[in-house]
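Chemist:
In the working numbering, the protein residues as written are 882 to 1014.
1) So residue 905 is in the alpha helix (DSSP H); what residue range does that whole segment cover?
2) Would DSSP call residue 927 helix, strand or coil?
3) If contact is defined by three or more beta carbon pairs under 8 Å, each pair taking one atom from either stretch, is the stretch 942-962 in contact with the stretch 884-903?
4) Would residue 915 pass as a contact of residue 941 if the rule is Cβ separation under 7 Å?
5) If you reduce the DSSP assignment to three classes, tell me which class residue 885 lands in.
6) So, is residue 951 buried or exposed, given that buried needs 16 or more other C-beta atoms within 10 angstroms?
7) Cβ atoms of residue 901 and residue 979: under 7 Å apart, would you say?
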């Protein structure tokens, strides 16, 4: 039996994918920035080894690990929330159908209270006779 996925779970998965794409874009941007900085320093006369030795620990590694940790961490948490939400929704749906099947509708008794027209008229007369103070 295949059930539909909850709309809120779909929103979580879409948000997770969006955050992962933004994280990938940030990583690519930081690598390109590192490459441009190395090219600029080499054109000024510095050696590639010296520039790479200085910029690698100060620019490239933090520029790759920060978006990797932050954005992909957030994307992972959103995806996990979507999975958990989907499972909870399925359990609640199954418990709702189980509770409906416990008491069939035809066994529920209806209670009807009948009042005579005399009682209703008598109540209306007594309410009219009472004057507010």
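Using N, Cα and C, we set each Cβ at its ideal position, and we do this for glycine too.
As the structure is a computational prediction, the values presented were derived from the model and not from experiment.
Modeler: The relevant details are as follows:
1) On the chain shown, position 24 is the one that residue 905 refers to. That run of the alpha helix (DSSP H) goes 888-924.
2) To locate residue 927, count along the chain shown from 1; it is residue 46. DSSP places residue 927 in coil when its eight states are reduced to three.
3) yes
4) Along the chain shown, read from residue 1 onward, the residue named residue 915 stands at position 34. Along the chain shown, read from residue 1 onward, the residue named residue 941 stands at position 60. Result yes, Cβ atoms of residue 915 and residue 941 sit closer than 7 Å.
5) Counting from one through the chain shown, the residue named residue 885 turns up at place 4. Reduced to three states, the DSSP call for residue 885 is coil.
6) Locating residue 951 in the chain shown gives position 70, where the first residue counts as 1. Residue 951 should be labelled exposed.
7) Working through the chain shown from its first residue, we reach residue 979 at position 98. Working through the chain shown from its first residue, we reach residue 901 at position 20. Cβ atoms of residue 979 and residue 901: not closer than 7 Å.
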